[in-house]
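Numbering (the working numbering), first residue to last: 1 to 607. Cβ coordinates follow ideal geometry from the N, Cα and C atoms, glycine included.
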Amino acid sequence: MIWFHRLLRIDLARQTATVEEVPAELTAAFVGGKGLGTCYFYREVSPRVDPLGPENKVFIAPGVLNGTLTPAASRYEMVSKSPLTGLYLDSNAGGHFGPELKLTGHDLLILEGQSPHPVALVIQGDAVRFRDASHLWGRSIYETETALRAELSDPRFRIASIGPAGERLVKFACVSNDYSRQIGRGGMGAVFGSKRVKAIAVHGTRTLPVADPDALMDAVDAALKHIFENPWVPHKREHGTIGSLDDNHTLGIVPVHNFTRSVFEGIDRVSSTVFGELVEARLACAICPVACSKGTRWRGGSESDGIEGPEYETAALLGLNCLVDDPQAIIHANLLCNQAGMDTISAGAVVGMVLAAADEGLILWGELGLSPSMPRGDMVARLLERIARREGIGDLLAEGARAASEALGFPDLAPQVKGLEFPAYDPRVSPGMALAYMTSDRGACHLRTYPFGREVSGVLPWFSLEQKAEFVKRQQDEKAAQECLGVCQFPYGIGLLTDDLPNLLSAASGEEWSYERLCAVGERVWNLSRAFDAQLGVDRRADYLPRRFSEVPMPDGMGAGHALSRADQDWLLDRYYRLRGWDNRGLPTPQTWERLGLSRFADLPTC
C-alpha cells in the first residue's frame, strides 16, 4: 500500500499535534492530494466561516505518488476557504516540499485555529516543534527561507513560507516553497497570515509502503519512454512556459491593456526569444525529466536578485496586459511578487485593470500615486510595492480586482469569474477556455482544463461551441485525478492521456486502478467543491463571464469580431450541466451524489 493512513492535526491555538487514522475507504474514494484534502475540507469546514478567521482550516495533502520514483511526482495540494473569492479553494505546487511531507509518514496535514504569535512549524515524523517566528515576521520569502534553513542547520528540511503580503492579508498572497514554487491562486498566503503561520519546515525519514517495487519500476520505465517520445516535452525543457508567449500573441489570445485587445506593438522587445537570451540557469522540481523552470536575474538589483521565471502568465499579465515592453521591468515585477509572496496572475490583472482605468480617465493618476509620464514598468513596480504593504491605493487593490473595481466605480472592467482573476487567455478567442473559466471550481482558471491547445491544433473546432462541454468536463475530471496523484501535467499532458498514471498507481498501491476509476475520483472532487460553494449561493448565475466579454467583440488579431454571447454561454452551460449530472441551476442532483457513492462520506446540502 502506498498510503500511511495517518494524518497530522495541528492545533495552532493550543500548540499541540495529534496523529489520527485516515480510513482506507477514504483513500479508496479520494486517493490523496486534492481528493483527500477536499474530502476533509468538505466534512470539517462550514461554508459560513470567515476565511481569515480561526475557524477556517488548511488541509495540506501530498500527492499519493509523492516520494516514489514516479517521474514528476512532486506536486502537493492545499485546500481551504478562499479569502479572495469566499469560496472553495485548492492550489498546488511542485518543488521538493510535497515528497518530503509525504516521507514524514502522513497522508494529510491539517492546520486549525490561530497561533497567539508568529510561528514556524518544524515537522520530523510525528514530532512537531512550534518555533517562535516573531523575528522572521516582516521578512521576504527569500529572507525567511534562508534564515530558517540556517537556524535549523540541516539541509534536508524543505520549507514553505509566506512573505509580507501574506502577513498583511493581501487577498491574493501566496505560500511559497523551495524559494520559488508557489501555492499561488486564491490567497492561501493570507490564510496562513491570519493563522500567524510564517513557515512550515518538513523532513521525512519514513520509507514509503510501496506494494510492488518491481512493478512500479516497470511502470516508471514505461512512463519515461512515453515522456521522452512526446514531441512537446523538448520544447518545454528548452523554453519553459514563456516559450508560448510569441505563438499565443500571434493567435490573438494574450491579453493586452486589461483584456481590451490582443495586438501588442512592443512584442518584439518582450518576446520568448528575448527572455530566452536572459536565462542563466535551468531548474527542475523533484524527480522531473522536463526541467521547465528558467532562472533569470533583475539587473537593476543585487547579485541575489534572481528569480525562477518569468513564466508565461507572469510575462503576459505583468507585461503585455500592463503595456510594459521592457523585459527587465517584467523580471523586476516578478521579483517583487516573489519576495512579497503574491500571485503574479492576480497581481497583473489588478494592476492592469487600474492602469487601463487611469488611461481612460476613470480614475485620476494622482489617486494611484503615479504620474502619466512615468515609465510603464515603474508604474507597475510602484503599485506592486503598495499592494504588498497595503499602502494608499494598494490597500484597496490588495482586496482583488472584483472588490477594487466595485469600490472604484468600474465593476465591468474586472477580468474575473467568481472573484478569481483571469489567467493570460482572453476567453473571447476560445469558447473552450471561456467554459473553463465559467465552470472552474475556484473561479477563472486555466489549469483545470486547457481546451485552447486542442482548438488551435484542430482537434476541436476552434470558434465553434460544439464538443467544448464534453471536452471540458472530461478533462476537468482527469486533471483532478492527476492532482490526487501529485504528478505535474507537463510530462504527461493535461489529463489521463495514456495508461501510465493508472499503471503507476496500481503498482504502488497493490490495487487495480483503471482510467474509469480515476475519473470517478475526479468527479467526486468536482461534486464536493460545487456542493460546498452552492451553500454560499453559487449556481448558474455565478457561472457567466463578465458582461464586456459577451457584449464587446475582440477588436483585433485572429479573434477579431468574436465574443461569447449570453445565449452561447447558456448553450454551453446547459450541455455541461447535463454531462455532470447537475440540474439546470448547476447543482449536483441526489442521483449523481448516489452514483458517485458520495453519500457514504458527506451529505448533499439542500440549496
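I need the DSSP call for residue i, collapsed to helix, strand or coil.
i    : result
I123 : strand
F452 : helix
T314 : helix
A93  : strand
S430 : coil
R196 : coil
G377 : helix
S134 : coil
H257 : coil
W571 : helix
P327 : helix
G419 : coil
L7   : strand
G522 : helix
R566 : helix
P502 : helix
Y609 : Because the chain spans 1 through 607 in this model, residue 609 falls outside it and cannot be assessed.
E483 : helix
S176 : strand
E360 : coil
M558 : coil
M353 : helix
T606 : coil
L460 : coil
S371 : coil
R442 : coil
G295 : strand
L536 : coil
E470 : helix
A340 : helix
E265 : coil
L320 : helix
With a threshold of 7 Å on Cβ separation, who are the neighbours of residue i within its own chain once the five nearest residues in sequence on each side are excluded?
i    : result
E470 : L579
S506 : E512, W513
L564 : P427, R428, P431, A434, L545, F549, S550
Y425 : I253, M433, H446, F452
W462 : E455, V456
A325 : The question names Ala, but residue 325 is Asp in the sequence shown. Cβ within range, chain order: G266, R269, V270.
H235 : G243
F410 : A357, L362
S371 : W365
L536 : P47, G86, L87
Starting from the C-beta of residue i, find all residues in its chain whose C-beta is less than 6 Å away, skip the five residues before and the five after it, and write them out in chain order.
i    : result
T314 : N334, T344
R185 : S91, D343
P155 : none
A567 : none
R540 : R585, G586
Just to check my reading of the structure: residue i and residue j have Cβ atoms closer than 8 Å, yes? What is that Cβ distance to the nearest angstrom?
i    : j    : result
L413 : N258 : 6 Å
G443 : V417 : 5 Å
Y88  : D441 : 6 Å
F4   : D126 : That belief does not hold up - the Cβ atoms of F4 and D126 are roughly 11 Å apart, past 8 Å.
G309 : R297 : 11 Å between Cβ atoms; not a contact.
T205 : Q124 : 7 Å
K479 : L572 : Contact flag wrong, Cβ pair sits at about 18 Å.
Q522 : Q476 : One point to set straight first is that residue 522 is Gly, not Gln, in the sequence displayed. Correct: roughly 7 Å between the Cβ atoms.
G508 : L216 : Inspection of the sequence shows that residue 508 is occupied by Ala rather than by Gly. Contact holds; Cβ gap of about 5 Å.
G486 : G98  : 6 Å
G510 : A211 : 3 Å
Beta-carbon within less than 8 Å of residue i's beta-carbon, same chain only, minus the 5 sequence neighbours each way: which residues are those?
i    : result
Q482 : Q489, Y492, I494, G495, L496, L501
M554 : G252, R261, S262, D426, R428, V429, A560, G561, H562, A563
P116 : A13, R196
I183 : M78, S91, N92, A93, A160, C174, V175, S176, N177, G189
H96  : S74, R158, N177, D178, C285, A286
* Asked: So, do the segment 25 to 35 and the segment 588 to 603 have three or more beta carbon pairs nearer to each other than 8 Å?
  -> yes
* To do: Tell me the start and end of each unbroken alpha helix (DSSP H) in the segment 143 to 170 that is at least 4 residues and wholly inside, in chain order.
  => 164 to 167
* **Segment contact flag, the segment 195 to 204 with the segment 149 to 164, C-beta cutoff 8 Å, min 3 pairs** => Yes: at least three Cβ pairs fall under 8 Å.
* Asked: Counting pairs of beta carbons, one from the segment 379 to 396 and one from the segment 46 to 54, are three or more of them closer than 8 Å?
  -> no
* Check whether the segment 187 to 195 touches the segment 128 to 139, taking contact to mean three or more Cβ pairs, one atom from each stretch, closer than 8 Å. => no
* **Sequence ranges, alpha helix (DSSP H) only - wholly within the segment 179 to 230, length at least 4** => DSSP runs (the alpha helix (DSSP H)) wholly in the segment 179 to 230: 188 to 194, 213 to 229.
* Does the count of Cβ pairs from the segment 62 to 76 and the segment 165 to 173 closer than 8 Å reach three? -> no
* To do: Could you say if the segment 398 to 414 and the segment 353 to 366 meet the contact criterion of at least three C-beta pairs nearer than 8 Å?
  => yes
* Segments of 4+ residues assigned as alpha helix (DSSP H) that fall wholly inside the segment 50 to 106 -> 97 to 102
* Stretch-stretch touch, CB-based, cutoff 8 Å, three pairs: the segment 76 to 86 with the segment 214 to 223 -> no
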